[in-house]
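Numbering (this note's numbering), first residue to last: 1379 to 1434.
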């Protein structure tokens, strides 16, 4: 969870597809206010963001 996503081959295009896949899989919409570069640095940050959304 602490390996940088770019080291896991996640580039900007793949990040967009990942977001779309997460929204579809969990039937949620990620608010624009949460879309920041910081959530794409580490898997833990993305996980925490999704947990936050799912608790709403």
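Glycine residues also receive a C-beta, built at the ideal position from the N, C-alpha and C atoms.
Following the DSSP letters along the chain, one finds residue 1421 inside the alpha helix (DSSP H) bounded by residues 1421 to 1433. Taking 8 angstroms as the cut-off, the beta carbon of residue 1401 is found closer than this to the beta carbon of residue 1407. In the three-state DSSP reduction, residue 1409 falls in the coil class, being neither helix nor strand. Straight-line measurement puts the Cα of residue 1397 at about 10 angstroms from the Cα of residue 1424. Spatial neighbours of residue 1419 in its own chain (CB-CB distance under 7 angstroms, excluding positions within 5 residues in sequence) are listed in chain order as 1382, 1383.
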